[in-house]
Ligand SMILES: [Mn+2]
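Numbering (the working numbering), first residue to last: 965 to 1383.
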């Protein structure tokens, strides 16, 4: 007997047509592969969709593909992730469940003693028992797990699978994921397989009491750094598990998504013009046809603003040469001339004062009232004004113009000149 485990597909994440096509193709290829491998069932522990209700285009191809899997007689078991989660079952996942193409696993009951108990669902063909807990909006998960009645889950006999969506602090994992990690000890012990979602890289580890903790990772990309990882050769695909009364093998099935080219420019101790020039030369030096191009610009420039590093010419050149997408990462690019400084302080007021003092100190302006202590006070008053909320009886337009007028007044500007 065998099952497939895939997760974090993030359907609906991509913005450009070319990447949307890849997102769709990889998803369809994965499920086609599951059908031709004749798996007994499929597990998707969260973030099937990037948001709870993705656009119609995404819903259409998803329904059509799950229909085929359904017709092939393969059950699909799903829990919500942190992205497609809805507290009131207001997610396309619930539509798919309603028509019977997929089955939502989470069956949690809040009890009088404050604990949460979970019911098992039995896969009729294999007899595998499946329990799981959905991901929630970032940070709330832990409270749920702390209330989980683990002992009744641990007492159940047979081949058991636990589906979950969240990071485990005991595991070596990819950095930069959202939300806190939780200790492994919050998961019930003794399951045959733990199907994880949320971490975007394939990861398979064993711990005492926890036979196989497995993340399949994303199929393609669900966060912008995923594409950079792909360009570096990160494996993408799904997990195929052979089992009888226990897990026999855990195998990773690689799926190709697209080809990548990377351009890196180190801007350290340089000016924007020279960075731009190197960028253009490098863009002309690769063959980007049918590839996703990742442009990484990093380092601290000697002068100029980081916005003066202009990727538009290089981008145009790459598209002309047949690139399907150009993704730019400039978040490690800084400039000596002006850099946002982090400031510390005891409370919010003090932190605000320090941030403004540090950063205004690096500015020059002929408007002396914007500099020094005066500038700091002005910035603080502006910040206070701009963070005011809309009044309950106020229309959006009224709110916008009230805030604008107040802000202009603080700056000592005449509102009639700034319509
Ligand atoms: Mn995810």
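All C-beta atoms, glycine included, are put in the ideal place defined by N, C-alpha and C.
Every value quoted in this text rests on a predicted model; they were computed, and no experiment measured them.
Inset, instruction - Compute the minimum distance between the beta carbon of residue 1186 and the heavy atoms of ligand 1, and state whether it is under 7 angstroms. - result: Here residue 1186 corresponds to residue number 222 of the chain shown, with the count starting at 1. Yes; taking the cut-off as 7 angstroms, the Cβ of residue 1186 has a heavy atom of ligand 1 nearer than that.
Legend entry - Option in 1157, 1177, 1023, 1377 with minimal Cα separation from residue 1094: For the purposes of this step, residue 1094 is taken as residue 130 along the chain shown, with counting starting at 1. It is 1157.
Inset, instruction - Go to residue 1039, then tell me how far its alpha helix (DSSP H) extends in each direction, as first and last residue. - result: By 1-based counting over the chain shown, the position of residue 1039 is 75. Taken as a continuous stretch (DSSP letters only), residue 1039 belongs to no alpha helix (DSSP H), as it is neither H nor E.
Legend entry - C-alpha distance - residue 1329 paired with residue 1335, whole-angstrom precision: Position 365 of the chain shown, counting from 1, holds the residue named residue 1329. Position 371 of the chain shown, counting from 1, holds the residue named residue 1335. In a straight line, the C-alpha of residue 1329 is about 7 angstroms away from that of residue 1335.
Inset, instruction - Can you check the segment 1182-1240 for any alpha helix (DSSP H) of at least 4 residues that lies completely inside it and give the ranges in chain order? - result: 1188-1195
Inset, instruction - Name the two residues that bound the continuous alpha helix (DSSP H) containing residue 1326. - result: Position 362 of the chain shown, counting from 1, holds the residue named residue 1326. Segment: none, residue 1326 is in no alpha helix (DSSP H) and carries neither H nor E.
Inset, instruction - Compute the distance between the beta-carbons of residue 1225 and residue 1257, then report whether it is under 8 angstroms. - result: Indexing the chain shown from 1 puts residue 1225 at position 261. Indexing the chain shown from 1 puts residue 1257 at position 293. Yes, they are a contact pair.
Inset, instruction - Give the range of the alpha helix (DSSP H) segment to which residue 1276 is assigned. - result: The residue you call residue 1276 lines up with position 312 of the chain shown. Looking at the DSSP string, the run of the alpha helix (DSSP H) that includes residue 1276 is 1276-1284.
Inset, instruction - Would you check whether ligand 1 has a heavy atom nearer than 7 angstroms to the C-beta of residue 1037? - result: Here residue 1037 refers to the residue found at position 73 of the chain shown. No, since every heavy atom of ligand 1 falls outside the 7 angstroms radius drawn around the Cβ of residue 1037.
Inset, instruction - Consider the C-beta atom of residue 969 and the heavy atoms of ligand 1; say whether any pair is separated by less than 7 angstroms. - result: Position 5 of the chain shown, counted from the start, is the residue given in the question as residue 969. Result no, Cβ not under 7 angstroms from ligand 1.
Legend entry - residue 978, buried or exposed, once every other Cβ within 10 Å from all chains shown has been counted against 16: The residue given as residue 978 occupies position 14 in the chain shown. By the neighbour-count rule (16 or more Cβ atoms within 10 Å), residue 978 is buried.
Legend entry - Assigned secondary structure, residue 1043 (DSSP; H/G/I helix, E/B strand, else coil): For the purposes of this step, residue 1043 is taken as the residue at position 79 of the chain shown. Residue state, collapsed to three classes: strand.
Inset, instruction - Compare the Cα-Cα distances from residue 1115 to each of 1124, 1153, 1091, 1133 and report the closest residue. - result: Numbered from its first residue, the chain shown carries residue 1115 at position 151. Measuring from the Cα of residue 1115, the nearest candidate turns out to be 1153.
Legend entry - C-beta atoms of residue 1056 and residue 991 nearer than 8 angstroms: Position 92 of the chain shown, counted from the first residue, corresponds to residue 1056. Position 27 of the chain shown, counted from the first residue, corresponds to residue 991. Their beta carbons are not under 8 angstroms apart, which means residue 1056 does not touch residue 991 by this criterion.
Inset, instruction - Answer yes or no: do residue 1374 and residue 1337 have a C-beta to C-beta separation smaller than 8 angstroms? - result: In the chain shown, residue 1374 corresponds to position 410, counting from 1. In the chain shown, residue 1337 corresponds to position 373, counting from 1. Cβ distance not < 8 angstroms, so residue 1374 and residue 1337 don't count as in contact.
Legend entry - Length-filtered (4 minimum) alpha helix (DSSP H) runs lying within the segment 1045-1112: 1056-1062, 1105-1111
Inset, instruction - Please confirm if the segment 1115-1128 is in contact with the segment 1051-1067, defined as three or more CB-CB distances below 8 angstroms between the two stretches. - result: no
Inset, instruction - Assign residue 1160 to one of three DSSP states: helix, strand, or coil. - result: By 1-based counting over the chain shown, the position of residue 1160 is 196. DSSP places residue 1160 in strand when its eight states are reduced to three.
Inset, instruction - Return yes when at least one heavy atom of ligand 1 lies under 7 angstroms from the C-beta of residue 972, else no. - result: Mapped onto the chain shown, residue 972 falls at position 8. Correct: residue 972 has its Cβ closer than 7 angstroms to ligand 1.
Legend entry - Helix, strand or coil at residue 1024 [DSSP, three-state]: Taking the first residue of the chain shown as position 1, residue 1024 is located at position 60. Here residue 1024 sits in helix by DSSP.
Inset, instruction - Identify whether residue 1299 lies in helix, strand or coil by the three-state DSSP scheme. - result: Translated into positions along the chain shown, residue 1299 becomes position 335. Residue 1299: strand per DSSP, three-state reduction.
Legend entry - Backbone CA spacing between residue 1169 and residue 1163 [nearest angstrom]: On the chain shown, residue 1169 is found 205 positions in, with the first residue counted as 1. On the chain shown, residue 1163 is found 199 positions in, with the first residue counted as 1. When rounded, the distance between both Cα atoms is 13 angstroms.
Legend entry - N-terminal and C-terminal residue of the alpha helix (DSSP H) that residue 1336 is part of: For the purposes of this step, residue 1336 is taken as residue 372 along the chain shown, with counting starting at 1. Taken as a continuous stretch (DSSP letters only), the alpha helix (DSSP H) holding residue 1336 covers 1336-1350.
Legend entry - Residue closest to residue 1040, alpha-carbon to alpha-carbon, out of 1189, 1005, 974: Numbered from 1 along the chain shown, position 76 holds the residue referred to as residue 1040. For the residues 1189, 1005, 974, the minimum Cα distance to residue 1040 belongs to 1005.
Legend entry - Given 8 angstroms, three or more beta-carbon pairs between the segment 1244-1260 and the segment 1199-1216: no
Inset, instruction - With a threshold of 7 angstroms, establish whether the CB of residue 1087 neighbours any heavy atom of ligand 1. - result: By 1-based counting over the chain shown, the position of residue 1087 is 123. No; taking the cut-off as 7 angstroms, the Cβ of residue 1087 has no heavy atom of ligand 1 nearer than that.
Legend entry - Endpoints, beta strand (DSSP E) assigned at residue 1175: By one-based count along the chain shown, residue 1175 stands at place 211. Residue 1175 -> beta strand (DSSP E) spans 1174-1179.
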